[in-house]
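According to our numbering, the stretch in the sequence shown is residues -14 to 420, in order. Below: one structure, written as structure tokens.
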Amino acid sequence: MTKQKQPNILVIWGDDIGITNLSCYSDGLMGYRTPNIDRIANEGMRFTDSYGQQSCTAGRSAFITGQNPYRTGLTKVGMPGADIGLQAEDVTIAELLKPLGYVTGQFGKNHLGDKNKYLPTVHGFDEFFGNLYHLNAEEEPENVDYPNEADYPNFSKLFGPRGVIHSWATETDDPSEHPRWGRVGKQKIEDTGPLTKKRMETCDTEFLGAAKDFITRAGKEEKPFFLWFNTTWMHFRIHPPKEILGQAGRWQSFYHDTMVEHDKHIGQLLDHLDELGITEDTIVVYSTDNGPHMNTWPDGAMTPFRNEKNSNWEGAFRVPMLVRWPGKIKAGTVSNEIIAQQDWLPTFLAAAGEPEIGEKLKKGHTVGDRTFKVHLDGYNFLPHLTGEAEKGPRPGFIYFSDDGDLVGLRYDNWKFVFAEQRCQGTVMIWAEPLV
């Protein structure tokens, strides 16, 4: 039997983007269209019952580890320099794909810890170029209420955010240690400077260029690639360049202008696959980490769901989910099955030729010089994607707060709410039980 060619895997994530932000879900209801993102839906499958998590770190950790954030502790990260991040014991998609011959790259926002031991290049990625926090945290040193250099000359150095990092995995162990960021380990790290408000205007363009270059180099090596591209748009606060303002049309906001530009960036990635002749060989997924903030007109795109990011309601957890694999996934398909970000790890591994990865990890699975023993919370959706199975394998979803509390449980079309974030303006953040 001839071995099936392994697919490239391109995962594209926006940040805090809601379902109705995309015209493949809303038909332009928001006042603009996203034709490039819509192309993924039109040429593949669009999910209507898809789950991220309630905030950035939780959503990203669930995807890359295939585990509920409660297991990994990655419901949120702390202040810059905090000893919270992706643990060595938790295997990633990248670490599992490497032995199968994949080259791996991550570009854009990470948000899984800023110490050296948490960087993507010691967790299976060959290359990383991106920022480590959300935008409003990165711009704090420029805000008027930030401790000034005259009165606090070392404050930023000791407590401020780390710069935009470009790092590469190496075979050589670097024993040198930074007083804040820790031991370097088997990676080379370059700090390219802070993510200032001005740089925020173009950082997604920087990350996009690096991602395209990575794809080109992978093609020259004739190796399949796994690439996770994470934009900073549309997280609060965006700083769009002046030249893109107004492109969404009259009476539109700068948020809509930036969504249109974000869509163009996705178009560049899709066009790049076309130009290299690898579209047919590449799985493309478009999604995001969590639901949107309700800080833009008309409602932050959480429609038709209740509430927003960082709540226990559906508006916090529901995300757009699109997937394309020409010749494998029927074009224009709509799935009403429940799916979550945790499901992509076993699904990608099955597509790459490792369908039993969940059972192997339960028993203890050796990758290189390390053995991982974890329980995956994700399900293999490959049979559903390819039409072999009408129904998806996921029966429900478990909701955790960013404090790691169990706040809800869904089974089929029933949702049980155990706690609600409803005490705004008080020191008691969580009021329970909900009866």
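Think of the CB as a built atom: it goes at the ideal place given N, C-alpha and C, for glycine as much as any other residue.
query	result
Candidates V245, P368, G353: closest to W310 by CA position	P368
Neighbourhood of L370 by C-beta, 8 Å cutoff - its chain only, sequence neighbours within 5 removed	M30, V308, W310, K313, I314, T332
Candidates R45, M15, K(-10), of which the one nearest A325 by Cα	R45
Nearest to L180 (by Cα), restricted to the options N321, N121, A335	N121
Per DSSP, the bridge partner or partners of S152	F113, I174
Meets three-Cβ-pair contact criterion under 8 Å: the region 9 to 22 and the region 353 to 361	no
CB of P328 within 8 Å of CB of F366, strictly	The residue asked about is misnamed: residue 328 is Asp in this sequence, not Pro. Yes, these two residues count as a Cβ contact at 8 Å.
Boundaries of the beta strand (DSSP E) in which H119 is found, first to last residue	Element bounds for H119: n/a, residue is neither H nor E.
Rounded Cβ spacing between L261 and G204 (contact assumed at less than 8 Å)	5 Å
Ranges of the beta strand (DSSP E) found wholly within the region 18 to 57, counting only runs of at least 3	30 to 36
Ordered list of beta strand (DSSP E) runs contained in the region 172 to 225, each at least 3 residues	210 to 215
Where K400 sits in the DSSP three-state scheme	strand
Cross-strand partners of S238 (DSSP beta bridge)	DSSP, once it has assigned bridges, lists no residue as partnering S238.
6 Å Cβ shell around L258 - same chain, five flanking residues per side excluded	T264, T267
Integer-rounded CB distance, given that R147 should sit under 8 Å from D189	So it is not a contact: roughly 19 Å between Cβ atoms.
Residue range of the beta strand (DSSP E) that includes E322	318 to 325
At least three beta-carbon pairs within less than 8 Å, the region 167 to 175 to the region 131 to 139	no
The region 48 to 63 / the region 292 to 302 touching (three or more Cβ pairs under 8 Å)	no
Distance CB(A154)-CB(F110) smaller than 8 Å	yes
Buried versus exposed, by CB contacts within 10 Å (16 or more), F211	buried
Within 8 Å, strictly: CB atoms of T216 and W(-2)	yes
Delimiting residues of the alpha helix (DSSP H) encompassing T332	329 to 336
Simplified DSSP state of H163, which is helix, strand or coil	strand
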